[in-house]
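Asker: Next up is a structure, given as C-alpha cells.
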Amino acid sequence: PGVGVQVPPNLADWWPELVAAGATDLGGLSANGDHISPEHPFPSPHQVRKRLAQDGVALTERLCVYPQYIDGEWLAQGVLDVIKTKFWSFIPRRGSGRTDAPFVVRRDLVGPAVDRAVRGERLGEEELTALFAETRPEAIEDMRQGADALRRELAGDEVTFVVNRNINVSNVCIVGCAFCGFGQGKRSPDAYEHSEADFRQRVRDAVSFGATELCIQSGIHPDWTIDDYLHWLRIAKDEAAQLHLHAYSPMEIDHIHRSSDLSLADVFRALRDAGLDSTPGTAAEVLHDGVRERISPNKLPVARWVEVIEASHAAGLRSTSTVMFGHIEEPWELAEHMRVIRDLQERTGGITEFVPLSFIPFHTLLGRTHGVEEISREENLKHTAVFRLALGRTIPNVQASWVKMGLDVATEALRWGVNDLGGTLMEESISRLAGSYHGVKLDPPQLIDAAHAAGRPAAERTTLYEIRRRFPVEIAA
Numbered sequence: 002p003g004v005g006v007q008v009p010p011n012l013a014d015w016w017p018e019l020v021a022a023g024a025t026d027l028g029g030l031s032a033n034g035d036h037i038s039p040e041h042p043f044p045s046p047h048q049v050r051k052r053l054a055q056d057g058v059a060l061t062e063r064l065c066v067y068p069q070y071i072d073g074e075w076l077a078q079g080v081l082d083v084i085k086t087k088f089w090s091f092i093p094r095r096g097s098g099r100t101d102a103p104f105v106v107r108r109d110l111v112g113p114a115v116d117r118a119v120r121g122e123r124l125g126e127e128e129l130t131a132l133f134a135e136t137r138p139e140a141i142e143d144m145r146q147g148a149d150a151l152r153r154e155l156a157g158d159e160v161t162f163v164v165n166r167n168i169n170v171s172n173v174c175i176v177g178c179a180f181c182g183f184g185q186g187k188r189s190p191d192a193y194e195h196s197e198a199d200f201r202q203r204v205r206d207a208v209s210f211g212a213t214e215l216c217i218q219s220g221i222h223p224d225w226t227i228d229d230y231l232h233w234l235r236i237a238k239d240e241a242a243q244l245h246l247h248a249y250s251p252m253e254i255d256h257i258h259r260s261s262d263l264s265l266a267d268v269f270r271a272l273r274d275a276g277l278d279s280t281p282g283t284a285a286e287v288l289h290d291g292v293r294e295r296i297s298p299n300k301l302p303v304a305r306w307v308e309v310i311e312a313s314h315a316a317g318l319r320s321t322s323t324v325m326f327g328h329i330e331e332p333w334e335l336a337e338h339m340r341v342i343r344d345l346q347e348r349t350g351g352i353t354e355f356v357p358l359s360f361i362p363f364h365t366l367l368g369r370t371h372g373v374e375e376i377s378r379e380e381n382l383k384h385t386a387v388f389r390l391a392l393g394r395t396i397p398n399v400q401a402s403w404v405k406m407g408l409d410v411a412t413e414a415l416r417w418g419v420n421d422l423g424g425t426l427m428e429e430s431i432s433r434l435a436g437s438y439h440g441v442k443l444d445p446p447q448l449i450d451a452a453h454a455a456g457r458p459a460a461e462r463t464t465l466y467e468i469r470r471r472f473p474v475e476i477a478a
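Converting from the sequence shown to the working numbering requires adding 1 to each position, the first position being numbered 1.
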C-alpha cells in the first residue's frame, strides 16, 4: 500500500480517470511544454491542479525522491544537505525538528500556573508548555475559567468590534512561505495587482459601508519601493481622510527599509507623513527561529521582527500582535513566542491587541507536504485561553479571528478569554486562498448578535479601542 502508482498525464487525455481508479502520482510535470510526446503534451501544473480540484483531489508537489525516503539511509549526505537547505518544506518532520521537549512536561504545574496567571504574574517556559500541552478536560476547564476571569478584569463584559475594510493590493510575492496559499510569482496566471482605479473604488466602498478603518497589506512585490507604499497611503487619504490607515506588515516594512537608503525611523516618518496611523503585527507566525526556518526561511528572523515593531512604537504608531498556531509547532515553541510578545509589550506598551490565528492548511504547501489537518475546535479554544493567561495584564485585548475559526467558534471563544471579535473585513484574500470556508465579510448586526448570543453587550470601537457606539443586551419583558 505504500508504493506509488504513477500515471504520466501526457500519455492520454483520460488520466483523471486513472487517478480516480487509484493512481497516486503523475510523475514529472513539464513547465515549458513537451518535446517527448508532442501529440499529447503535458498539461501545465496549473491546469492539472484545477482539473484535480474538480474531483476534490489536491495536487501535492514532491521532489524526485518520495518524502519517506528523504533521510540518511537512502540519500548521500551532500544531497541531503541541499534538500535541507533549499527544499526544507518537503521534509516530513515537525516543528523546528525537535519533537522531544527540552524538559519534562509536568502536569502538576498547570493548576498553580493558572492561579499565578490570573494574578497577572509572568509564567515561565515550563509552565506555559504544560498549559499548551494539557489534555485533561477538568484542567482545561480551569484554564478557561482563569482566562475568562482575567478577561473580565481587564476588558469587562463588553464585546468590541471594528467596522473596517481589508484590501490586499497585490498577491505578487517573492518570499515563498510554505504556509501561504496567497502569494504568487509575477508570471503566475493567478497573480494580480489592483489598479489605482480599483483601489479608489474599494476605499469608497469602505466609506459607504460605514468603515472607520482601512487595512492594507500585500505580498512582497519585487518591483515595489517606498514610493509605491506611500502611493497607496496617499490615495486612501485622498479618497477618505477620516479613515484610520492600519497598514504594512513588519515584512513589508523590512522590504521598504532594505530597498531604500533610509533608516527604519525615517521609513516610519515618511509613512506617517503619507497617512499611516498604525501597523499590523502580522508576519509573526511563531516567534521561534527554529520554526521560522522550517515554514518560512526567507522571512524575518525573530530579532528583526521585534526590531521593526519596536521602531513602529518609537515612531508613535501602535501595533497589533499575532500568532499562527495549529501546524507543526510544539508547545514549548509557542511558549517562546509568548515570552517574546510579553517582553516586547513590557518594554514599549505599544501593542493594542493579541490575535491568535489558527492555521488554514487546505491550499498550502505546508498542509500538503506535512499532512497537517485543521486544528480542532477544542484545541483552538484551549490555545486561546492559554494565550490570554500568558499575557497576564500586559495586553488587555484578545481577539477571535472569525475568518479563521468561524463565527460560531469565535462566539464560544468569548468564554475562553476573548473580548473582541475583530472587524467586518469586507474583503480578505489570504485566509480565503489558503482554504478558509468562513467567508470574508460580516455585517455589524452579525457581530452584535454574536455578542448577545453569549449574553454580553456589544460595542463598536475604533482601531485604538475607543468606543463609538454601544449595543446593550435587550432583556425580554
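We put the beta carbon where it would ideally sit given N, CA and C, even for glycine.
Which full runs of the beta strand (DSSP E) of 3+ residues lie inside the segment 347-432, going along the chain?
Answerer: Entirely contained in the segment 347-432, the beta strand (DSSP E) runs reaching 3 residues are, in chain order, 352-359 and 421-424.
Asker: Do Val-373 and Met-325 have their beta-carbon atoms positioned less than 8 Å apart in this structure?
Answerer: No.
Asker: Would you mind stating whether His-247 and Ser-279 have Cβ atoms separated by less than 8 Å?
Answerer: In this structure, Ser-279 lies closer than 8 Å to His-247 by Cβ.
Asker: To the nearest angstrom, report how far apart Leu-234 and Arg-120 are at their CA atoms.
Answerer: Cα to Cα, the separation comes out at about 42 Å.
Asker: Considering only C-alpha positions, which residue in the set Asp-199, Arg-471, Ala-315 and Ala-134 is nearest to Ala-336?
Answerer: For the residues Asp-199, Arg-471, Ala-315 and Ala-134, the minimum Cα distance to Ala-336 belongs to Ala-134.
Asker: With DSSP collapsed to three states, give me the class of Val-173.
Answerer: Three-state DSSP puts Val-173 in a strand.
Asker: So, using beta-carbon positions, are Pro-445 and Thr-425 closer together than 8 Å?
Answerer: For Pro-445 and Thr-425, yes; Cβs fall inside 8 Å.
Asker: Identify whether Asp-14 lies in helix, strand or coil by the three-state DSSP scheme.
Answerer: It is coil, neither helix nor strand.
Asker: When the Cα of Arg-1 is compared with those of Gly-112, Gln-185 and Pro-458, which residue comes out closest?
Answerer: The displayed coordinates of the chain run from 2 to 478. Any statement about residue 1 would go beyond what the structure contains.
Asker: So who's on the other strand from Phe-43, going by DSSP bridges?
Answerer: In DSSP, Phe-43 forms no bridge with anything.
Asker: Per DSSP, what are the beta-bridge partners of Ile-217 in this structure?
Answerer: Answer is Ile-168 and Ala-248.
Asker: Please state the DSSP three-state secondary structure of Asp-158.
Answerer: Correct three-state label for Asp-158: coil.
Asker: List the DSSP bridge partners of Ser-322.
Answerer: For Ser-322, which the question treats as bridged, DSSP gives the partners Phe-355.
Asker: Could you pull the start and end residues of the beta strand (DSSP E) that Ile-71 belongs to?
Answerer: Where Ile-71 is concerned, there is no enclosing beta strand (DSSP E), given that its DSSP letter is neither H nor E.
Asker: In whole angstroms, what separates the C-alpha of Asp-229 from that of His-364?
Answerer: So the alpha carbons of these two residues sit roughly 29 Å apart.
Asker: If you reduce the DSSP assignment to three classes, tell me which class Glu-194 lands in.
Answerer: DSSP places Glu-194 in strand when its eight states are reduced to three.
Asker: For Ile-342, collect the residues of the same chain with a Cβ closer than 6 Å to its Cβ; drop the 5 residues on either side in sequence, then sort them by chain order.
Answerer: Only Ser-322 meet the Cβ criterion.
Asker: So, for Leu-132: in the same chain, excluding its five sequence neighbours on each side, which residues have a beta-carbon less than 7 Å away from its beta-carbon?
Answerer: So the qualifying residues of the chain are Val-111, Ala-114, Met-144, Val-387 and Leu-390.
Asker: Would you tell me roughly how many angstroms separate the C-alpha atoms of Arg-394 and Val-309, rounded to the nearest one?
Answerer: So the alpha carbons of these two residues sit roughly 23 Å apart.
Asker: Among the candidates Val-208, Asp-116 and Ala-316, whose CA atom is the shortest distance from the CA of Ala-140?
Answerer: Nearest of Val-208, Asp-116 and Ala-316 to Ala-140, Cα basis: Asp-116.
Asker: Leaving aside the five residues before and after Leu-265 along the sequence, list all residues of the same chain whose C-beta is less than 6 Å from its C-beta, in chain order.
Answerer: Same-chain partners within the cutoff: His-258 and Ala-312.
Asker: Span of the alpha helix (DSSP H) holding Phe-472?
Answerer: No alpha helix (DSSP H) holds Phe-472; the beta strand (DSSP E) holding it covers 468-472.
Asker: What is the DSSP secondary structure of Thr-280, counted as helix, strand or coil?
Answerer: Reduced to three states, the DSSP call for Thr-280 is strand.
Asker: Can you say whether Thr-464 is buried or exposed, counting buried as having 16 or more other CB atoms within 10 angstroms of its CB?
Answerer: Label assigned to Thr-464: buried.
Asker: Keeping to the same chain, check which residues put their C-beta closer than 6 Å to that of Glu-126; ignore five residues upstream and five downstream.
Answerer: Taken in chain order, the residues that qualify are Ala-336.
Asker: Between which two residues does the beta strand (DSSP E) holding Glu-308 run?
Answerer: Taken as a continuous stretch (DSSP letters only), Glu-308 belongs to no beta strand (DSSP E), being part of the alpha helix (DSSP H) at 303-315.
Asker: Distance cutoff 8 Å, beta carbons only. Does Val-410 sit that close to anything in chain B?
Answerer: Among the chains in the structure shown there is no chain B, since it carries only a single protein chain.
Asker: State the DSSP-derived secondary structure class of Asp-26, mapped to helix, strand or coil.
Answerer: Three-state DSSP puts Asp-26 in a strand.
Asker: Which partner residues of His-447 appear in the DSSP bridge assignment?
Answerer: The question names His, but residue 447 in the sequence shown is Gln. None, per the DSSP bridge assignment.
Asker: Using only the alpha-carbon positions, how far apart do Glu-159 and Asp-409 sit?
Answerer: Distance between the alpha carbons of Glu-159 and Asp-409: 18 Å.
Asker: What residues in its chain sit with their C-beta under 6 Å from that of Ala-24, if we drop five residues either side in the sequence?
Answerer: The answer, listed in chain order, is Val-6 and Val-8.
Asker: For the segment 199-209 against the segment 176-183, are there 3 or more C-beta pairs whose distance is under 8 Å?
Answerer: At 8 Å Cβ cutoff, the stretches do not touch.
Asker: In terms of residues, what are the limits of the alpha helix (DSSP H) holding Arg-273?
Answerer: Element bounds for Arg-273: 265-275.
Asker: Tell whether a beta-carbon distance below 8 Å holds between Pro-397 and Leu-155.
Answerer: Closer than 8 Å, so yes.
Asker: Any idea if Glu-330 is buried or exposed, counting beta-carbon neighbours within 10 angstroms, 16 or more meaning buried?
Answerer: The residue in question, Glu-330, is buried, as its Cβ has 16 or more Cβ neighbours within 10 Å.
Asker: Rounded to a whole number of angstroms, what is the C-alpha to C-alpha distance between Phe-269 and Gln-78?
Answerer: About 46 Å.
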